[in-house]
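Numbering (the numbering used here), first residue to last: 1 to 371.
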Amino acid sequence: MVRRVLFVDDDEILQLVVEKGLAPYSDTFGVVLAKDGFEALKKLENTAVSLIVIDLQMPRMDGPAMLSHIQETYPDIPVIFISATPKAAVPYLEEMRGVLAYLEKPFRIDRLAKLIQYALQGEASGGAIAAVSPTMFLQLMEMEGKTCTIRILDNDSTEGGILYLQDGRLLDARVGILKGIEGAYRIFRWDEVSVYFQNECPEVEDRINSDLQAVIMGALAARDEDDDSPFADSEGPIAGFTGDLGPADSSLSSLSPGAIGGEEWGGVTDVQEVRGNPACDRIKELLHREVGDLEWVHEVYHDVHLDHIMTMLSTLGEQVRFGPLRVAHIDNGEKNDRLLVSDPASLQTSVLQVDHDAPLSTVMDVLRYRE
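What follows is the structure in structure tokens.
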């Protein structure tokens, strides 16, 4: 996904020169043009940009006035000022936050190009992924307890946003003028995105104040209910897969005591369990053949509400080159542990209730390397 740079100047000839001069870099970034601050701010509402280049002196809204708006609404976007005024004649420049550089006119296009590339490298200092589901990527960041700033671009539109995570917790999000939970909802409605992240997070207000899984489920529910938006069609792919997502408490983070159905686990009755499933039978036959007596196994069943979560995590593992998720061990502190086993052929998840003293290392190896 090509990132974008917003170039704001009322000089139409300079706009053409810059657009043509930066054309050789089109495989790295594109240029969006605006003739003044008002037009630029309007474009920022619907177009994600990584950097803004602003003329210091323009009609209607000059550079400092526009920078004030940017710092208020888009503080994460760096700015380069250009002007025919010598830098030494702009004493207030040092007090302006978010200003990456100051170029005096006339300037060399290659100098501007190097500054742009420097800014783009900075926002991806922690890495980049070209095509991934935002829900799967954020769940992985949560599981790993990442502290990072993530710039995210929707691969199907000009929209994009930014996410702030501290120790795996989503603190804030922004898409255009949408912030907090509204910004997060917008991001999690997208199917496929490109992400660029930095392994640091500035001090930001916790505008989300909610569990990540609840935010994701809320976003997908809002997408289905919004009949007036282009996201209203619930029959298309959602977050990299199709079908019913199931209730929010079927998420991976809810695998706490009482989260997986049955009276022994807190009396939860809305989790659908299927006994006598062929995939479950194959697992039992494999373990009996490779491990022997299965008296430590209390039950094996198919939990349909875990299918989507395991499929998402497996797909994400392949996309970030961790490999597909084959088996997971859940210790909820109860008298039985759970093994979640993903079947790549049927995309079904089998749940094994096992004793704490079960030969877990051997069993995990058998299930992990099964054909």
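Ideal placement from N, C-alpha and C gives every residue a C-beta, glycine not left out.
The structure presented is a predicted model; accordingly, all values stated were derived computationally and were not measured.
For a quick check, are the C-beta atoms of residue i and residue j less than 8 Å apart?
i, j, result
"Thr-28", "Leu-120", "yes"
"Leu-170", "Cys-201", "no"
"Thr-158", "Thr-47", "yes"
"Asp-37", "Met-1", "The question names Asp, yet the displayed sequence has Gly at residue 37. No."
"Arg-338", "Gln-348", "no"
"Leu-212", "Glu-142", "yes"
"Lys-105", "Ala-84", "yes"
"Val-58", "Asp-110", "This sequence places Met at residue 58; Val is not what is there. No; because the gap between Cβ atoms is not below 8 Å, this pair is not in contact."
"Ala-34", "Lys-43", "yes"
"Glu-45", "Ile-187", "no"
"Leu-294", "Met-310", "no"
"Ile-327", "Val-341", "Per the sequence shown, residue 327 should be read as Val rather than Ile. For Val-327 and Val-341, yes; Cβs fall inside 8 Å."
"Val-18", "Ile-52", "no"
State yes or no: is the C-beta of residue i nearer than 7 Å to some heavy atom of the ligand ZN?
i, result
"Pro-324", "As for the ligand ZN, it is missing from this structure, which has no ligand bound."
For residue i, which residues in the same chain have their Cβ closer than 8 Å to its Cβ, ignoring the five residues on either side in sequence?
i, result
"Val-204", "Tyr-164, Leu-171 and Asp-172"
"His-298", "Asn-336, Gln-353, Val-354 and Asp-355"
"Glu-12", "Lys-35"
"Pro-86", "Glu-104"
"Lys-179", "Asp-172, Ala-173 and Arg-207"
"Leu-56", "Asp-62, Gly-63, Pro-64, Phe-81, Ile-82, Ser-83, Thr-85 and Val-90"
"Arg-368", "Arg-326 and Val-327"
"Ala-184", "Leu-163, Leu-170, Ala-173, Ile-208, Val-215 and Ala-219"
"Lys-284", "Leu-294, Val-297 and Val-300"
Identify, in the order they occur along the chain, each residue of the same chain with its Cβ nearer than 7 Å to the Cβ of residue i, setting aside the five sequence neighbours on each side.
i, result
"Gly-127", "Phe-197"
"Ala-130", "Met-1 and Ser-194"
"Cys-280", "Val-300, Tyr-301, His-302 and Ser-350"
"His-329", "Asp-337, Leu-339, Leu-360 and Met-364"
"Ala-248", "Here the model assigns Ala-248 a pLDDT of 35, short of 50, so the residue's position is not dependable and the matter cannot be decided."
"Val-49", "Arg-4, Val-5, Leu-6, Val-32 and Ile-77"
"Val-366", "Leu-286, Leu-287, Glu-290 and Val-291"
"Leu-22", "Val-31, Ile-109 and Ala-113"
"Met-61", "Asp-36, Gly-37 and Phe-38"
"Arg-370", "Leu-286"
"Asp-331", "Asp-337"
"Asp-355", "Trp-296 and Asn-336"
"Tyr-25", "Ala-113"
"Gln-15", "Phe-7, Asp-9 and Leu-33"
"Ser-314", "Pro-324, Leu-325 and Ser-342"
"Met-96", "Leu-67"
"Asp-307", "Leu-347, Gln-348 and Thr-349"
"Phe-107", "Ile-82"
"Thr-362", "Val-291"
Give the C-beta separation of residue i and residue j to the nearest angstrom, bearing in mind that I take them to be a contact with Cβ-Cβ under 8 Å.
i, j, result
"Ile-101", "Leu-115", "The displayed chain sequence assigns Ala, not Ile, to residue 101. Between Leu-115 and Ala-101 the Cβ distance is about 5 Å, and since that is below 8 Å, they are a contact."
"Thr-135", "Ile-208", "Not a contact, Cβ separation roughly 15 Å."
"Thr-149", "Asp-167", "At roughly 14 Å, the Cβ-Cβ gap does not stay under 8 Å, so Thr-149 and Asp-167 are not in contact."
"Asn-63", "Ile-54", "The identity of residue 63 in the sequence shown is Gly, whereas the question assumes Asn. The Cβ separation is near 5 Å, so the contact holds."
"Asn-155", "Glu-182", "Not confirmed; about 21 Å, so no contact."
"Gly-160", "Ile-152", "6 Å"
Check the DSSP bridge columns for residue i and list the partner residues they point to.
i, result
"Gln-353", "Glu-299 and Arg-338"
"Ile-116", "According to DSSP, which records beta bridges pairwise, Ile-116 is partnered with nothing at all."
"Gln-348", "Asp-343"
"Leu-51", "Val-5"
"His-305", "For His-305, which the question treats as bridged, DSSP gives no partner whatsoever."
"Ser-83", "Glu-104"
"Pro-29", "According to the sequence displayed, residue 29 carries Phe and not Pro. BP columns for Phe-29 point to Arg-3."
"Asn-330", "For the record, residue 330 in the displayed sequence is Ile; it is not Asn. DSSP, once it has assigned bridges, lists Arg-338 as partnering Ile-330."
"Ile-129", "Val-195"
"Ala-34", "Val-8"
"Val-366", "Its beta-bridge partners do not exist; DSSP assigns none."
"Val-99", "Val-79"
Here's a check: name, in chain order, each residue in its chain whose Cβ is nearer than 6 Å to the Cβ of residue i, leaving out the five neighbours to either side.
i, result
"Asp-343", "Ala-279"
"Ala-358", "Trp-296"
"Ile-162", "Asp-76, Arg-151 and Arg-174"
"Leu-103", "Ile-82"
"Ser-254", "Caution is warranted here: a pLDDT of 38 is assigned to Ser-254, below 50, making its placement in the model unreliable, and the coordinate value is therefore given only provisionally. If we look at Ser-254 and ignore the five residues flanking it on each side, it has no Cβ neighbours."
| query | Which runs of the beta strand (DSSP E), 3 residues or longer, sit entirely within the stretch 138-222? | reply | 148-154, 160-166, 169-175 and 193-198
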